[in-house]
Amino acid sequence: MSSAAIVLPVPALVPEFLAPRIENLRHTLRTGRRDEALTAARAISEELTESHGPLHNYTLHALELVAFCAQLAGQPAMATEVSIRAAGAWLQVLDSRHRQVHRQTHNGTASWLTVTDAGDALRTGVPLLALLQSVYGREHPSTPFVERRLNPIAGSDRAVSQNALRASGPALLVKP
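Going from the sequence shown to the working numbering is simple: count from 1 and add 84.
Structure below.
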């Protein structure tokens with residue numbers, strides 16, 4: 085993390101050049117076309133990555149939007165992965181105490197708690213645990229909470245694993 089990156093502003097408003105597309109995406113979500121909204125959010129994210137780079141504020145906010153739309157589209161594993169990626173990218177330009185890093189770490193955790201497929205939970209839970217430890221440390225309540233769910237999922241007792249896989253997360257707290 086460079087010292088210049090710490091003062092990087094985080095835009096509060098949608099950039100003017102994206103406003104019509106974001107409004108269309110909002111309309112798409114309001115009309116219940118969640119998969120279509122996810123596709124639109126991914127397109128915006130990919131375009132911003134190409135035009136502005138992977139660590140630009142607009143690109144990182146677009147990643148957050150992809151995670152939000154993935155959760156709404158019923159794809160919590162994707163939402164978790166994208167939130168982890170967004171938090172990791174924010175960590176490259178901001179201090180680990182910054183609200184953007186915390187918000188995406190929180191959102192990734194909230195999404196992960198709704199993942200009900202064992203393979204997806206393991207695949208996304210391990211990097212989530214690493215993120216939690218790097219952002220909050222081992223003593224933060226989220227870290228052992230995730231470990232307590234992840235360990236039985238990874239274990240050999242199928243009944244215990246299935247019980248741990250029940251969606252239990254505050255996914256509605258996920259904020260774009």
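For glycine and all other residues, C-beta sits at the position ideal for the given N, C-alpha and C.
A Cβ-Cβ separation of about 7 Å places Ile237 in contact with Gly209 under the 8 Å criterion. For Gly116, the closest C-alpha among the options Gly158, Thr133, Ser180 is that of Gly158.
Burial check for Asn108: the Cβ neighbour count within 10 Å stays below 16, so the residue is exposed. Membership of Ala157 in any alpha helix (DSSP H) is not indicated, and neither H nor E is assigned to it by DSSP.
The residues Ile128, Ser129, Leu132, in chain order, have a CB closer than 6 Å to that of Ala146 in the same chain once the five nearest residues on each side in sequence are set aside.
Annotation for Thr227: Leu213, Leu216, Gln217, Tyr220, Gly221 place their beta carbon closer than 8 Å to its own, counting only its chain and skipping 5 residues before and after. The C-alpha of Arg110 is placed about 21 Å away from the C-alpha of Gly192. Taking C-beta atoms under 8 Å as the contact rule, Glu148 and Gln188 qualify, at a distance of about 6 Å.
Here the alpha carbons of Gly239 and Cys153 stand approximately 31 Å from one another. Counting C-beta atoms within 10 angstroms of its own C-beta, Arg114 has fewer than 16 neighbours from the protein chains shown and is therefore classed as exposed.
By the 16-neighbour rule on beta-carbons within 10 angstroms, Val244 is exposed. Ala103 counts as exposed, since fewer than 16 other C-beta atoms from the protein chains shown sit within 10 angstroms of its C-beta. With a cutoff of 8 Å on beta-carbon distance, Ala121 and Ala151 are scored as not near each other. Pro99 counts as exposed, since fewer than 16 other C-beta atoms from the protein chains shown sit within 10 angstroms of its C-beta. Fully enclosed alpha helix (DSSP H) runs of no fewer than 4 residues occupy 160-177, 183-196 of the region 146-203, in order along the chain. Here Thr133 carries a helix assignment [DSSP, helix/strand/coil].
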